[in-house]
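Q: The sequence shown lines up with residues 18 to 341 when you count with our numbering.
For each residue, glycine too, the CB sits at the ideal point set by N, CA and C.
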Amino acid sequence: MLASRALVPGVLVAGLAVAGCSGPGTGSDASSTATARASGSSSGTAQPPAATSATAGGPSATPSARSVVDKLLVVVVENHSLAQMQAAMPYTSGLARQYGYATHYTATRHPSLPNYLAMVSGSTHGVADDAAPAAHAVPGPTVFGAALAKGRTAAVYVDGMATPCELASAGDYAVKHNPWPYFVDERAQCARHNLPLAAFDTAVRTGTLPNAGMLLPDLCHDAHNCPLATADSWFAARMKDIQAGPDWRSGRLAVVLTADEDDHSAGNVVLTVVAHPSLRGVVVTTPLTHYSLTRLYAEVTGTAPLGYAASAPSMVKAFGLRVR
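If you want it as structure tokens, here you go:
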């Protein structure tokens with residue numbers, strides 16, 4: 018999680034809809050009004066219970082001087098729509114109601130890998146399958162490399178991965194859900210900062226979560242091979258530790274939970290929740306995409322937005338967050 022302008026620490030769970038692989042999703046960059054109950058998506062997915070009314074530029078809980086976000090942690094689950102996640106992830110849905118969520122957050126395309134590449138680099142790089150890094154030597158920077166170049170910190174914590182920056186899937190570890198190993202120009206950085214899950218527990222406990230961070234569950238814990246309830250319980254356990262840790266309690270950390278894509282049932286709209294002590298029931302109706310998430314990394318770390326993130330709607334504006 019990176020810092021530049023400070024972001025209000027919180028948890029974001031994103032609902033995604035289809036966008037073209039060659040460019041960002043449509044939607045104005047201007048903040049939308051966050052309403053008490055969001056309007057239904059074009060796919061007719063259900064919405065969470067009514068939330069406190071607030072405008073995107075001024076959520077009901079005004080960020081305090083201490084609520085400046087300079088750390089961002091993104092958590093990604095697999096292959097479920099907004100409505101499916103709301104129905105089968107009660108803990109996550111509760112965070113959405115308590116803090117904030119987006120009603121029109123769309124994934125980039127199908128299948129999984131292009132969406133992960135888009136999140137961390139602002140482009141799918143023309144990838145349209147889930148092949149391993151041996152088949153896709155992706156050039157250019159990631160949000161993690163950009164953060165490190167700026168003097169910030171970056172780390173990706175990967176459930177089920179035995180050694181740093183593994184290039185091949187094994188057991189419940191799927192490299193297609195771990196984007197950093199695909200970027201050949203940053204392999205050395207990946208080897209140092211793309212880490213097995215045990216490193217996450219230490220960082221949470223010691224208050225050393227990075228400015229640009231990502232937490233990637235394994236194939237069961239991300240609901241790819243197991244029920245959404247399993248993913249919900251796994252995320253709840255991680256969040257309990259996070260909320261007891263120094264980074265969250267200091268108000269520096271924002272957490273984002275989203276899905277890479279839906280299951281082809283709902284126009285690629287997925288649930289996106291933003292939770293932070295300064296947010297109270299914020300509902301954002303502005304169309305957002307994975308490129309908005311790429312831009313959020315840049316806004317938190319004070320780096321230039323990569324690729325299509327430069328023109329993507331801002332999550333900082335949409336949720337009324339504060340960054341350095």
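Measure the C-alpha to C-alpha separation of Asn-228 and Leu-313 and round it to an integer number of angstroms.
A: In the sequence shown, counting from the first residue as 1, residue 228 sits at position 211. In the sequence shown, counting from the first residue as 1, residue 313 sits at position 296. Each residue's alpha carbon lies about 11 Å from the other.
Q: Am I right that Leu-130 and Asp-147 are in contact with their C-beta atoms under 8 Å? What's the rounded C-beta distance?
A: Against the sequence shown, residue 130 aligns to sequence position 113. Against the sequence shown, residue 147 aligns to sequence position 130. Going by Cβ atoms, the distance from Leu-130 to Asp-147 rounds to 5 Å, so yes, they are a contact pair.
Q: Just the Cα atoms here: how many angstroms apart are Gln-101 and Leu-296?
A: As a working note, residue 101 is residue 84 in the sequence shown. As a working note, residue 296 is residue 279 in the sequence shown. Roughly 24 Å between the two C-alpha positions.
Q: With DSSP as the reference, label Thr-72 as helix, strand or coil.
A: Position 55 of the sequence shown holds residue 72. Residue confidence is low: Thr-72 scores 32 on pLDDT, short of 50, so the model does not pin down where it sits. Its coordinate-derived value is still stated next. Thr-72 falls in the strand class under three-state DSSP.
Q: Using a 10 Å radius around the Cβ and a threshold of 16 neighbouring Cβ atoms, would you call Ala-219 buried or exposed?
A: Within the sequence shown, numbered from 1, the residue matching residue 219 stands at position 202. For the record, residue 219 in the displayed sequence is Thr; it is not Ala. Exposed, because fewer than 16 other Cβ atoms sit within 10 Å of the Cβ of Thr-219.
Q: If contact is defined by three or more beta carbon pairs under 8 Å, each pair taking one atom from either stretch, is the region 115-123 in contact with the region 249-261?
A: Judged by Cβ distances under 8 Å, the region 249-261 makes no contact with the region 115-123, as fewer than three pairs qualify.
Q: State whether the region 293-309 contacts the region 152-162, with contact taken as three or more CB pairs (one from each stretch) at a distance under 8 Å.
A: Segments in contact, no.
Q: With H, G and I counted as helix, E and B as strand and the rest as coil, what does DSSP make of Leu-212?
A: Position 195 of the sequence shown, counting from 1, holds the residue named residue 212. Reduced to three states, the DSSP call for Leu-212 is strand.
Q: Which residues in the same chain as Glu-203 place their Cβ atom closer than 8 Å to its Cβ, once the five residues preceding and following it in sequence are excluded?
A: If you number the sequence shown from 1, residue 203 lands on position 186. Within the same chain, Glu-203 has close Cβ partners Pro-158, Thr-159, Phe-161, Gly-162, Trp-197.
Q: Do the region 208-218 and the region 245-253 touch if we need at least three Cβ pairs shorter than 8 Å?
A: Segments in contact, no.
Q: Taking C-alpha atoms, which residue in Gly-324, Gly-319, Val-300, Asp-235 lies nearest to Ala-191?
A: Indexing the sequence shown from 1 puts residue 191 at position 174. If we check each option's Cα against that of Ala-191, Asp-235 comes out closest.
Q: Pairs of beta-carbons, one from the region 83-95 and one from the region 269-280, closer than 8 Å: are there three or more?
A: In short, these stretches touch, since the Cβ pair count reaches three.
Q: Identify whether Gly-162 lies in helix, strand or coil by the three-state DSSP scheme.
A: Locating residue 162 in the sequence shown gives position 145, where the first residue counts as 1. It is helical.
Q: What I want to know is whether the C-beta of Gly-324 ends up closer than 8 Å to one or more non-hydrogen atoms of the ligand SAH.
A: The ligand SAH is absent from the structure shown, which contains no ligands of any kind.
Q: On the three-state DSSP scale, how would you describe Ala-229?
A: Against the sequence shown, residue 229 aligns to sequence position 212. The answer is strand: DSSP assigns Ala-229 an E or B state.
Q: How many angstroms separate the CA atom of Met-178 from the CA atom of Ala-151?
A: Translated into the one-based positions of the sequence shown, residue 178 becomes position 161. Translated into the one-based positions of the sequence shown, residue 151 becomes position 134. About 18 Å.
Q: Can you have a look at Val-301 and say buried or exposed, based on whether 16 or more other CB atoms are within 10 angstroms of its CB?
A: Start at 1 with the first residue of the sequence shown, and residue 301 comes out as number 284. Val-301 comes out buried.
Q: Between which two residues does the beta strand (DSSP E) containing Tyr-118 stretch?
A: The residue labelled residue 118 in the question sits at position 101 within the sequence shown. 117-119 is the extent of the beta strand (DSSP E) around Tyr-118.
Q: In the DSSP output, which residue or residues are listed as bridge partners for Pro-190?
A: Translated into the one-based positions of the sequence shown, residue 190 becomes position 173. The displayed chain sequence assigns Tyr, not Pro, to residue 190. Its beta-bridge partners are Ala-187.
Q: Is Asn-242 buried or exposed, if buried means 16 or more other CB atoms sit within 10 Å of its CB?
A: Locating residue 242 in the sequence shown gives position 225, where the first residue counts as 1. Under this definition Asn-242 is an exposed residue.
Q: Give the DSSP bridge partners of Ala-271, in chain order.
A: Position 254 of the sequence shown, counted from the start, is the residue given in the question as residue 271. DSSP output for Ala-271 lists Leu-89 as bridge partner(s).
Q: In this structure, how does DSSP classify Val-155 when only helix, strand and coil are distinguished?
A: Sequence index remark: in the sequence shown, residue 155 carries index 138 (1-based). Reduced to three states, the DSSP call for Val-155 is strand.
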